[in-house]
Amino acid sequence: MDRAPHRWFAFGVAALLAANPCASAELRDLYYGEALFEADQGQFFDALVRLDTELAQHYGLDEPDLDTLHYHVNGAEFSVGDFELNYRMHNRAGRAIRAVLEGNVDEAVRNEAAFRLARIHFQKDQLEEALHALARIQGDVPEEIRDDVEFLRANVYLASGRPHDAVAVLKHMPESADLAGFSAYNLGIALLQDGDVTHAIEQLDRAGQTKARERADLAIRDKSNLVLGTMLFESADFGRSEQTFDRVRLDGPYSNQALLRAGWAEASAGHYDRALVPWGILVEREPTDSAVQEAMLAYPHAYAELEAHGRAAMLYGRALETLSGEIGKVDASIGAIRDGGFLTALTREETRQDRNWVVRLRQLPDAPETFYLTELMASHDFQTALQNYLDLEDLRARLVSWRTSFDAFEDIIRLRAANYEPILPGVDAEFRELDSQMRVRLEQRERIASRLHSMLTAPRPEFLATADERIMAGRLDAISASLQAAGEAPALDLERVARLRGALTWRLETEYHARLTQAHKDLFELDSHVKDLKANYDSFVRSRQAATHSYVGYDAGIARLRDRVDSALQRVTIVMARQGHAIETVAIDQLRSRRERLVAQQTQARYAVADSYDRARSSQPAGAGR
Amino acid sequence: MPLIIRLFVAVSLVLCIGIAAARADEADRQQMKGLDEQVQDIKTDVLGIAAELNLLEEKLLYPSGTQLAVFVALAQGDTVRLDAVQIQIDGQPVARYIYSFKELEALRKGGVQRIYVGNVATGTHTIEVAVGGKLEGGADYSHTGEFTFDKGVGPKLVGLTVAGPGSGHEPIELGNW
Numbered sequence: 001m002d003r004a005p006h007r008w009f010a011f012g013v014a015a016l017l018a019a020n021p022c023a024s025a026e027l028r029d030l031y032y033g034e035a036l037f038e039a040d041q042g043q044f045f046d047a048l049v050r051l052d053t054e055l056a057q058h059y060g061l062d063e064p065d066l067d068t069l070h071y072h073v074n075g076a077e078f079s080v081g082d083f084e085l086n087y088r089m090h091n092r093a094g095r096a097i098r099a100v101l102e103g104n105v106d107e108a109v110r111n112e113a114a115f116r117l118a119r120i121h122f123q124k125d126q127l128e129e130a131l132h133a134l135a136r137i138q139g140d141v142p143e144e145i146r147d148d149v150e151f152l153r154a155n156v157y158l159a160s161g162r163p164h165d166a167v168a169v170l171k172h173m174p175e176s177a178d179l180a181g182f183s184a185y186n187l188g189i190a191l192l193q194d195g196d197v198t199h200a201i202e203q204l205d206r207a208g209q210t211k212a213r214e215r216a217d218l219a220i221r222d223k224s225n226l227v228l229g230t231m232l233f234e235s236a237d238f239g240r241s242e243q244t245f246d247r248v249r250l251d252g253p254y255s256n257q258a259l260l261r262a263g264w265a266e267a268s269a270g271h272y273d274r275a276l277v278p279w280g281i282l283v284e285r286e287p288t289d290s291a292v293q294e295a296m297l298a299y300p301h302a303y304a305e306l307e308a309h310g311r312a313a314m315l316y317g318r319a320l321e322t323l324s325g326e327i328g329k330v331d332a333s334i335g336a337i338r339d340g341g342f343l344t345a346l347t348r349e350e351t352r353q354d355r356n357w358v359v360r361l362r363q364l365p366d367a368p369e370t371f372y373l374t375e376l377m378a379s380h381d382f383q384t385a386l387q388n389y390l391d392l393e394d395l396r397a398r399l400v401s402w403r404t405s406f407d408a409f410e411d412i413i414r415l416r417a418a419n420y421e422p423i424l425p426g427v428d429a430e431f432r433e434l435d436s437q438m439r440v441r442l443e444q445r446e447r448i449a450s451r452l453h454s455m456l457t458a459p460r461p462e463f464l465a466t467a468d469e470r471i472m473a474g475r476l477d478a479i480s481a482s483l484q485a486a487g488e489a490p491a492l493d494l495e496r497v498a499r500l501r502g503a504l505t506w507r508l509e510t511e512y513h514a515r516l517t518q519a520h521k522d523l524f525e526l527d528s529h530v531k532d533l534k535a536n537y538d539s540f541v542r543s544r545q546a547a548t549h550s551y552v553g554y555d556a557g558i559a560r561l562r563d564r565v566d567s568a569l570q571r572v573t574i575v576m577a578r579q580g581h582a583i584e585t586v587a588i589d590q591l592r593s594r595r596e597r598l599v600a601q602q603t604q605a606r607y608a609v610a611d612s613y614d615r616a617r618s619s620q621p622a623g624a625g626r
Numbered sequence: 001m002p003l004i005i006r007l008f009v010a011v012s013l014v015l016c017i018g019i020a021a022a023r024a025d026e027a028d029r030q031q032m033k034g035l036d037e038q039v040q041d042i043k044t045d046v047l048g049i050a051a052e053l054n055l056l057e058e059k060l061l062y063p064s065g066t067q068l069a070v071f072v073a074l075a076q077g078d079t080v081r082l083d084a085v086q087i088q089i090d091g092q093p094v095a096r097y098i099y100s101f102k103e104l105e106a107l108r109k110g111g112v113q114r115i116y117v118g119n120v121a122t123g124t125h126t127i128e129v130a131v132g133g134k135l136e137g138g139a140d141y142s143h144t145g146e147f148t149f150d151k152g153v154g155p156k157l158v159g160l161t162v163a164g165p166g167s168g169h170e171p172i173e174l175g176n177w
């Protein structure tokens, strides 16, 4: 379909699309917050990289519900769509939002997803799909998007050639809504397209008198008045037409056109003296503007109609001079574009610092190639091409910088290898020795623990004998054995041995519980040391692994990335050259067209100068010229 | 209607609907569209490279065992105009940042700035934060805060939320992630 009609009602859609992804009341995921931080500054590439990575990690988790992004996952999916749209990646935009729409989410979230998807389809000129997505919005619609949904619905109807349906929707838009100015204007256009001219005029009249403070609202009010004034002019209602043009602000973006048309409205009503006022203002403005150039001829034309032929001749002469100068500028612009000056001017850093960089181009010193292209650059297709060129330049700079990073990474890896490789074998050998000692001690600990555990149910007092007691028991066994081996052992000695053994057994039996308790306490204390030992062990193992990981296993990854970067850089260079050439071709065509128009105006001025001089001379009394 | 006026109406209508006087013809548009598709493909490719490169960089320069990331946010609805933030970790200056208007706006809208990424050993550390700015009335504002945080075996994220006086929040709040 022809995109041109879109221009009539696309107002407000940009504002709708520029809406920031809403940050949650309480931010739980810092990296999501970082993506919003980048996006709010227009750094959509960085925002996308961050959010894509976060979402991939989130979905890769075994338990994503425990991840902090879990609290924002729907918002994050919506944001990815917004960022992609803002980064002019229409083919990808919507993919993430579609996933939300198909997921198991509550009604309000699903409705918001459907709205966002519809908005993306509308942007991509996929009107059927946009309507289909809007049809999925049912039930609980979040209040903050309720008006936006209806506004979008009306826009889709208008773009689909269904102005009657659009009228029905827009009539119910509340006047207090943020989009009130835009919806009032769009309603006027919808009525016009629906053939209801009378109501369209009434509606545009209302839209042209709404209270506005914001720049966008002021602009749409001006636009309403400009369109209405033109309609009234076409229907030969010159008086109302002029009054309507007068409502357009003198410092707004439609000021020049309004002044020009106001002059024509007065002139058409035969009020040439009144036409002089707007045209007089207009001719003093920036001479590259087509309305100003047209006024340069209209202004003396009014004087001529007022029989002021001398003044008309002088003004035609000035117009001739200016138009010749402008033709020179256009020629210089064409030359500069052919020399690559336009693309250089576009990529200047100062032009990219400002949101209104297209407008600022006219003020760039030493860049004549941009003077005549602001109108062209304001058109959607050309704007997209320019932005693509700038995006490619940005990508090129990133790729070049990354290529340098690879060299730095390889340096780091080389230095780390040189540092670790000589010392790691010694460290490993020492570690192996300590590791085996540690394992022995840990096995001992396990045996003791197991024995103590079994003693809780089957008491074994001898297990808790001290070293001295064990020695003493051994000696008593040895003495007893030697006495018995001697044959006739004195009974007294054997009794003494038995008493001593009894004393030992008494001690072991009576102190058993205290000793068992103490043994458990000692084991508990040992456990705290074992814990520290294990922590140190784990820390060492981690550090040891980190040492290896700090320089091993990167080569293949870096080589692959380097290839990808080289290949991408090659593609960027080729596409950038093509994109640049296409931009230059369109720009030169535009300038040629402007040149032809300027030449026609110059010819017109030349004839008019001669004609005015003739008339001035003939209107003078005989002999006055001598 | 005089010829010149009819011409004016024709020209005006064209301008009114926003079409540039000599827009690209259909062939140009098709070419632009084709290029646009290619640019989108390249963007997808480069985004993939950037994501992989980020992971590589993180693994190489800030391994998870030692990684520390410090973030700065503004308390919700706070009107303090943050000019600068300085951060010291264990007595060593690690970050000093002066905010542009755009960055401040992004913070006010709920964005979070990653001000520092580095490496620290496991254990307890101190972080000293100094903020400077202006209050709504134009008065100078500055505040310093010192906090401790524990670094475990995983990556450590530290969030600093800055608020002006009278906001009902602490001037600097530390959040652990």
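So the protein lines, in turn, are chains U and R. Numbering-wise, the working numbering puts 583 at position 583 of the first sequence, and it's gapless, one number per residue. Numbering-wise, the working numbering puts 64 at position 64 of the second sequence, and it's gapless, one number per residue. Even for Gly, the Cβ is constructed at its ideal location relative to N, Cα and C.
Asked: To the nearest angstrom, report how far apart Gln88(R) and Gly132(R) are at their CA atoms.; Found: 15 Å
Asked: The region 149 to 172 of chain R: which residues have C-beta closer than 8 Å to a C-beta of chain U, in chain order?; Found: Val153, Leu157, Gly159
Asked: On the criterion of 16 or more Cβ atoms from any shown chain inside 10 Å, does His529(U) qualify as buried, or is it exposed?; Found: exposed
Asked: Determine the closest residue to Gly166(R) out of Gly152(R), Gln31(R), Asp78(R), Ala130(R), with distance taken between C-alpha atoms.; Found: Asp78(R)
Asked: From what residue to what residue does the alpha helix (DSSP H) around Lys223(U) run?; Found: 215 to 234
Asked: Just verifying my parser: in three-state terms, what is the DSSP assignment at Leu160(R)?; Found: strand
Asked: For Ser235(U) versus Ala207(U), is the C-beta distance shorter than 7 Å?; Found: no
Asked: Report the CB separation of Ala130(U) from Ala113(U) in whole angstroms; it is logged as a contact under 8 Å.; Found: Not really, about 14 Å apart at Cβ, beyond 8 Å.
Asked: Along chain R, in chain order, which residues have C-beta atoms closer than 9 Å to that of Gly161(U)?; Found: Correct list: empty, because the minimum Cβ distance to chain R is about 16 Å.
Asked: Throw me the rounded Cβ distance for the Ile558(U) and Phe406(U) pair, which I believe falls under 8 Å.; Found: 6 Å
Asked: Would you mind reading off the limits of the beta strand (DSSP E) that contains Ser401(U)?; Found: It is not in any beta strand (DSSP E) - Ser401(U) instead sits in the alpha helix (DSSP H) that spans 380 to 455.
Asked: When we look at the beta-carbon of Val39(R) and count the other beta-carbons within 10 Å, is it buried (16 or more) or exposed?; Found: buried
Asked: Quick one: residues in its chain with C-beta nearer than 8 Å to the C-beta of Arg23(R), no 5 flanking neighbours on either side, listed in chain order?; Found: Note on Arg23(R): pLDDT 45, under 50, position unreliable in the model; no value is reported.
Asked: Can you tell me whether Gly65(R) is buried or exposed, with buried defined as 16 or more other CB within 10 angstroms of its CB?; Found: buried
Asked: Which residues in the same chain have their Cβ closer than 8 Å to the Cβ of Leu409(U), if we skip the five residues on either side of it in sequence?; Found: The displayed chain sequence assigns Phe, not Leu, to residue 409(U). Hits under 8 Å: Tyr554, Ile558.
Asked: For Glu242(U) and Glu266(U), I'd like the C-alpha separation in whole angstroms.; Found: 7 Å
Asked: Mind listing, in chain order, the continuous beta strand (DSSP E) runs of no fewer than 3 residues lying wholly within the region 79 to 160 of chain R?; Found: 81 to 89, 92 to 98, 113 to 119, 123 to 134, 140 to 151
Asked: So, is Val609(U) buried or exposed, given that buried needs 16 or more other C-beta atoms within 10 angstroms?; Found: buried
Asked: With a threshold of 7 Å between beta carbons, is Pro21(U) in contact with chain R?; Found: Its pLDDT being 44, under 50, Pro21(U) is placed unreliably in this model, and the value from its coordinates should be taken loosely. No, no contact with chain R.
Asked: Enumerate in chain order the residues of its own chain whose CB-to-CB distance from Phe71(R) is below 8 Å, with the five nearest sequence positions on each side excluded.; Found: Val112, Gln113, Arg114, Ile115, Leu157, Val158, Gly159, Leu160
Asked: Residues of the region 87 to 120 of chain R with a CB closer than 8 Å to any CB of chain U: list them in chain order, please.; Found: Lys102, Glu103, Glu105, Ala106, Leu107, Lys109, Gly110, Gly111, Val112, Gln113, Arg114
Asked: Can you tell me whether DSSP reads Glu284(U) as helix, strand or coil?; Found: coil
Asked: For a contact defined as C-beta to C-beta under 8 Å, what are the partners of Gln579(U) on chain R?; Found: Leu35, Val39
Asked: Could you pull the DSSP bridge partners for Val70(R) from this structure?; Found: Tyr116(R), Val158(R)
Asked: Which same chain residues end up closer than 8 Å to Val575(U) when comparing Cβ atoms and leaving out the 5 residues on each side of it in sequence?; Found: Leu392
Asked: Return the CA-CA distance between Pro155(R) and Gly426(U), expressed in angstroms with no decimal places.; Found: 30 Å
Asked: If distances are taken between C-alpha atoms only, which option among Gly263(U), Ala498(U), Pro253(U) comes closest to Val480(U)?; Found: Looking at the sequence shown, residue 480(U) is not Val but Ser. Ranking Gly263(U), Ala498(U), Pro253(U) by Cα distance to Ser480(U) puts Ala498(U) first.
Asked: Residues of chain U with CB under 9 Å from Thr44(R), in chain order?; Found: Met89, Asn91, Arg92
Asked: From the beta carbon of Gly133(R), is the nearest beta carbon of chain U less than 7 Å away?; Found: no
Asked: Kindly indicate the opening and closing residues of the alpha helix (DSSP H) around Met89(U).; Found: That residue, Met89(U), is in no alpha helix (DSSP H); it is neither H nor E in DSSP.
Asked: Counting along the chain, where does the alpha helix (DSSP H) carrying Gln41(U) start and finish?; Found: Looking at the DSSP string, Gln41(U) is not in any alpha helix (DSSP H), and its letter there is neither H nor E.
Asked: Taking 7 Å as the cut-off, decide whether the C-beta atoms of Asp29(U) and Lys109(R) are in contact.; Found: no
Asked: According to DSSP, simplified to helix, strand and coil, what is Ile172(R)?; Found: strand
Asked: Run through DSSP, which three-state label would Asn104(U) get?; Found: coil
Asked: Report the residues of the region 399 to 432 of chain U with a CB closer than 8 Å to any CB of chain R, ordered along the chain.; Found: Leu399, Trp402, Ser405, Phe409, Ile412, Ile413
Asked: Is it the case that the Cβ atoms of Gly188(U) and Ala200(U) are separated by a distance below 7 Å?; Found: yes
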